[in-house]
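Enquirer: In our numbering, the protein residues as written are 917 to 976. Backbone N, C-alpha and C define an ideal beta-carbon position, used for all residues, glycine too.
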């Protein structure tokens with residue numbers, strides 16, 4: 917499914933979701949918080965134009 921360019925948005929969203937879930941599942945709270953902060957930073961800076969809705973998750 918992900919090899920097809922038509923599924924690009926799904927692939928990126930799925931990857932971000934997986935990183936968020938991994939951060940929440942980490943038993944070390946400080947490591948989890950740092951991982952989630954990296955996800956938010958990535959979303960706020962590096963989201964392709966066709967995925968502007970993801971950038972809204974990161975806030976202003």
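Taking all protein chains shown into account, do 16 or more other C-beta atoms lie within 10 angstroms of the C-beta of residue 963, making it buried, or fewer, making it exposed?
Expert: Within the chain shown, residue 963 is the residue found at index 47, counting from 1. Buried, since its Cβ has 16 or more Cβ neighbours within 10 Å.
Enquirer: In chain order, what residues of the same chain lie with their CB nearer than 8 Å to the CB of residue 932, ignoring the 5 residues before and after it?
Expert: Counting from 1 along the chain shown, the entry for residue 932 is found at position 16. So the qualifying residues of the chain are 955, 958, 959, 970.
Enquirer: Measure the alpha-carbon distance for residue 949 versus residue 939 and round it to whole angstroms.
Expert: As a working mapping, residue 949 is identified with position 33 in the chain shown. As a working mapping, residue 939 is identified with position 23 in the chain shown. Taking the straight line joining both Cα atoms gives about 7 Å.
Enquirer: Pull up the distance between the alpha-carbon of residue 929 and that of residue 923, whole angstroms please.
Expert: Residue numbering aside, residue 929 sits at position 13 when the chain shown is read from its first letter. Residue numbering aside, residue 923 sits at position 7 when the chain shown is read from its first letter. Whole-angstrom Cα-Cα distance: 10 Å.
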